[in-house]
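Peer 1: Below are the structure tokens for one structure; questions will follow.
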Amino acid sequence: MSLAFPGTSSLAADKPATAPTADEALTQLKEGNSRYLRGVQKYPKIDPVRRSRTADEGQKPIATVLGCADARVPVETAFDKAFGEVFVIRVAGNVCQMAELASIEYGVNYLKTPLVVILGHTQCGAVAAAVSEASLSGSLPKLMDEIRPAVQKARQANPELSGDQLTNEAIKQNVWKSIEDVFAGSPIIARACKEHKVKIVGAIRDIKTGKISWLGEHPDQTRLTGTR
Ligand SMILES: [Zn+2]
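Position in the sequence shown counted from 1, then plus 149, gives you the working numbering.
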């Protein structure tokens, strides 16, 4: 990704008087999900006019979102956002390693998104594979290595759970782990969170209903960002 690509200017017609705060951006995403659930989207389809304008004038996303590559979880659709409004990173299991971390830093540092969302989803095949300790080939075992700590945490905290219930808890822990990986891997973002310049929240999308459940900030954020 070149820093020279048209990415930091605004759409003049859509430009707000001031950039949204993290809480305002979060409210916009919540309202967008509500519209999506009610079937009253502002952006139900591709808008050729806006597509052309964003190509010429650039993007001004209000949030950076790290989500899963699962074909059932397109991010803009769930938040009823148009081209140029959400900076999206998608990877199986919404894990946060080097490329994902660098992309989040790009969203925060260069596109100036005040909000980062780590978005997991129900019935996540990557997490389910880690829970079931499936035998996988190629590079997939390395992906499992990234998710396994979340599964272990889910098992330790909930020894009575198994099956789908355990997977659901692991999906939640996997969201927290990605936030932990952001803080551990990016002192710049950790400091920005500590100083309340940026907010990172977790969320889980129900793939059957489309509803986003918001988890909020990492429950241990103060400690995780405290030594920076
Ligand atoms: Zn998934």
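All C-beta atoms in this analysis are idealised placements derived from N, C-alpha and C, irrespective of residue type, glycine included. Bear in mind the structure is a predicted one, so any value in this text is a computation, not a measurement.
For HIS270 and VAL324, what's the separation of their Cα atoms in angstroms?
Peer 2: Looking at the two C-alpha atoms, the distance is approximately 9 Å.
Peer 1: How do the stretch 253-268 and the stretch 290-304 stand: do at least 3 beta-carbon pairs fall below 8 Å, yes or no?
Peer 2: Short answer: they don't touch.
Peer 1: Could you tell me which uninterrupted alpha helix (DSSP H) segments, each at least 4 residues in length, are contained entirely in the stretch 243-315, listed from first to last along the chain?
Peer 2: Within the stretch 243-315, the complete alpha helix (DSSP H) runs of at least 4 residues are 247-254, 274-281 and 289-306.
Peer 1: Alpha carbon to alpha carbon, how far is GLY188 from GLY375?
Peer 2: Distance between the alpha carbons of GLY188 and GLY375: 42 Å.
Peer 1: Name the residue from ASP219, LYS321, PHE232 and ALA218 whose alpha carbon lies nearest to the alpha carbon of PRO368.
Peer 2: It is LYS321.
Peer 1: Using the C-alpha atoms, what's the distance from LYS209 back to GLY156?
Peer 2: With a pLDDT of only 44 at GLY156, under 50, the local geometry of the prediction cannot be trusted, and the value read off the model is given with reservation. Cα to Cα, GLY156 sits roughly 7 Å from LYS209.
Peer 1: Since ASP355 and GLY274 should fall inside the 8 Å C-beta cutoff, what is the C-beta to C-beta distance between them, to a whole number of angstroms?
Peer 2: That pair is no contact at about 15 Å.
Peer 1: Using the beta-carbon count (16 or more within 10 Å), is SER201 buried or exposed?
Peer 2: Its Cβ having fewer than 16 others within 10 Å, SER201 is exposed.
Peer 1: With DSSP collapsed to three states, give me the class of GLY375.
Peer 2: In the structure shown, GLY375 sits in a helix (DSSP, three-state: H, G or I).
Peer 1: State the start and end residues of the unbroken alpha helix (DSSP H) segment that holds SER183.
Peer 2: 171-187 is the span of the alpha helix (DSSP H), which, as asked, contains SER183.
Peer 1: Helix, strand or coil for PHE332? Go by DSSP, reduced to three states.
Peer 2: Helix, per DSSP.
Peer 1: Roughly how far, in whole angstroms, is the beta-carbon of PRO169 from the beta-carbon of ILE211, given that I think they are within contact range, below 8 Å?
Peer 2: Contact holds; Cβ gap of about 5 Å.
Peer 1: Please say whether LEU292 and GLY242 have beta carbons closer to each other than 9 Å?
Peer 2: Yes, the Cβ-Cβ distance between GLY242 and LEU292 is below 9 Å.
Peer 1: Taking just the CA atoms, how far does VAL198 sit from ARG297?
Peer 2: Cα to Cα, ARG297 sits roughly 44 Å from VAL198.
Peer 1: If I follow the unbroken beta strand (DSSP E) through PHE236, where does it start and stop?
Peer 2: Element bounds for PHE236: 235-239.
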